[in-house]
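Okay, so here's the structure we're looking at.
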Amino acid sequence: MAQPARTRAMIRVWDPFVRLFHWTLAPAVVIAFLTQDERLSWHVSAGYLVLGLVLLRIIWGLVGARHARFGDFLFSPLTVLAYLKNLLFFRAERYLGHGPAGGAMVIALLLSLLLTTLSGLVLYGGQEYAGPLWPLMAAADDRWAEAVEEAHEFCAGLTLLLVALHVAGVFFSSAAHRENLIASMITGDKRRDVARPRAVSRPLVTRVIMLAAVTALSAPPASAFAGAVDDLLARYRSTGAATFSA
1301 MAQPARTRAM IRVWDPFVRL FHWTLAPAVV IAFLTQDERL SWHVSAGYLV LGLVLLRIIW
1361 GLVGARHARF GDFLFSPLTV LAYLKNLLFF RAERYLGHGP AGGAMVIALL LSLLLTTLSG
1421 LVLYGGQEYA GPLWPLMAAA DDRWAEAVEE AHEFCAGLTL LLVALHVAGV FFSSAAHREN
1481 LIASMITGDK RRDVARPRAV SRPLVTRVIM LAAVTALSAP PASAFAGAVD DLLARYRSTG
1541 AATFSA
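Under the working numbering, residue 1546 is the last one in the sequence shown; the count climbs by one each step, no gaps.
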């Protein structure tokens, strides 16, 4: 029996582990950020969950399904920059898996989350004398503990920035490629065809620059305004406002 047209037009891209990882990691990171100053037990539990998920994702990136493997979305920095430039003008090539920018963001987030959780474990051992690393931190001096705390806060802030850029990139890429990337991470399916980049005859940035140039060239010179002001002041003086000064 023939498959419906909609079914034939879609292809499974994200396997169950990738989807489960994504939608479990997101709330775990949110909980960790919301409980960093209070509810230490929640913060630590969320941190352990994030660390475990990141380690599993690293393993899955080596032995997992095709589009989950690092080899499928690792690109050179020049390729990433070229992709971002084309994406800005809606000319970027569409990928079934992670594109160059998305792949770079995955690597950056995994590294940032790994550094955040590991520094958190070190800090937890030094301040609370708990966790698997507390024997190593028990004899550490205060300066070392302060340095670890600053490193942990820096990594957490960097992770928050990367998450914000990731969310913005998802919405922008969805608009550029005319597909719902959030829905694809829920269902695992994406449009089968890899569409050619849409040609944009005159990008918005170019229009703005041209409009500014035309406005500047068509504006009357400053001397014309100066002459009008002098003429207006002469009229005021002729009516009796001889001492008037602008």
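A virtual CB, placed ideally from N, CA and C, is assigned to each residue, including glycine. Quick caveat, the model's predicted, so the values are computed rather than measured.
Item: What number of angstroms, rounded off, separates the C-alpha of L1436 from the C-alpha of L1423?; Value: 11 Å
Item: Along the chain, where does the alpha helix (DSSP H) containing R1312 start, and where does it finish?; Value: Element bounds for R1312: not the alpha helix (DSSP H) but the beta strand (DSSP E), M1310 to R1312.
Item: For the putative contact between A1332 and V1313, defined by C-beta atoms under 8 Å, what is the C-beta separation to the nearest angstrom?; Value: Not confirmed; about 28 Å, so no contact.
Item: DSSP beta-bridge partners for K1490?; Value: I1311
Item: DSSP state of Q1336, grouped into three classes?; Value: coil
Item: Where G1371 and L1481 are concerned, what is the direct C-alpha to C-alpha distance, given to the nearest angstrom?; Value: 21 Å
Item: Can you list, in chain order, the residues of its chain whose CB lies under 8 Å from that of I1509, leaving out five sequence neighbours each side?; Value: Model confidence at I1509 stands at a pLDDT of 40, short of 50, so the residue's coordinates are unreliable; what they give is reported in the following sentence. Result list for I1509: empty, nothing under 8 Å.
Item: Over the uninterrupted alpha helix (DSSP H) stretch that includes Y1424, give me the two end residues.; Value: P1400 to E1428
Item: Run the CB neighbour count on G1420, radius 10 Å, all protein chains shown included, and call it buried at 16 or more, exposed below.; Value: buried
Item: Taking its Cβ as the centre, do 16 or more other Cβ atoms sit within 10 Å of S1376, making it buried, or is it exposed?; Value: exposed
Item: Whole angstroms are fine: how far does the CA of F1321 sit from the CA of L1413?; Value: 13 Å
Item: Run through DSSP, which three-state label would G1361 get?; Value: helix
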